[in-house]
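Adding 3 to a residue's 1-based position in the sequence shown gives its number in our numbering.
Cβ coordinates follow ideal geometry from the N, Cα and C atoms, glycine included.
Just so you know, these numbers come straight off a predicted model, no measurement behind them.
See structure below.
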Amino acid sequence: MASLFDPLQKIHSLCGYVALCPRGDNGPFRITYGEGITSARRERIWRIVRRYERLLLLQLDVPPGTKPRTVQQLLVGGRLRVVDGRYVLPEAEGRSGG
Numbered sequence: 004m005a006s007l008f009d010p011l012q013k014i015h016s017l018c019g020y021v022a023l024c025p026r027g028d029n030g031p032f033r034i035t036y037g038e039g040i041t042s043a044r045r046e047r048i049w050r051i052v053r054r055y056e057r058l059l060l061l062q063l064d065v066p067p068g069t070k071p072r073t074v075q076q077l078l079v080g081g082r083l084r085v086v087d088g089r090y091v092l093p094e095a096e097g098r099s100g101g
């Protein structure tokens, strides 16, 4: 079985750090970078954030002082499923398009 992709871990491995913004700020995330990060890595981090925005919101929506949730924790807790190799939110499965 292939390992699960965790966007938060991947961003961290690229020397990026993501946190939820307080309400009223622009966008749902605040992204900070490690020292000396290249523009290519910044762009890669932003691509991950845009692609996995809803999953990152689930991971980061924890009480202050608590570690963010991992993809494995979300799967075990039933807040996330893998369908045909893609992450799916259970409440989104029953929606019809359009």
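Quick check on this structure: which residue in the options has the alpha carbon closest to the alpha carbon of residue i?
i: His15; options: Thr73, Arg89 and Leu78; result: Thr73
i: Thr115; options: Glu94, Leu61, Cys18 and Leu63; result: An answer regarding residue 115 cannot be provided, because it is not within the stretch 4 to 101 covered by the chain.
i: Pro10; options: Gln62, Arg33, Thr35 and Leu78; result: Gln62
i: Pro31; options: Gly37, Glu38 and Leu23; result: Leu23
i: Ile48; options: Lys13, Gly88 and Asp87; result: Lys13
According to DSSP, simplified to helix, strand and coil, what is residue i?
i: Leu23; result: strand
i: Val65; result: coil
Are residue i and residue j touching if we call contact CB-CB under 8 Å?
i: Leu7; j: Arg57; result: no
i: Leu59; j: Val52; result: yes
Which residues in the same chain as residue i place their Cβ atom closer than 7 Å to its Cβ, once the five residues preceding and following it in sequence are excluded?
i: Thr35; result: Tyr20
i: Gln75; result: Leu7
i: Pro71; result: Leu11, Gln62, Leu63 and Val65
Leaving out five residues before and five after residue i in sequence, what residues of the same chain have Cβ atoms less than 6 Å from its Cβ?
i: Gly37; result: Cys18
Start-end ranges of the beta strand (DSSP E) lying completely within the stretch 7–61, minimum 3 residues: 19–23 and 32–36
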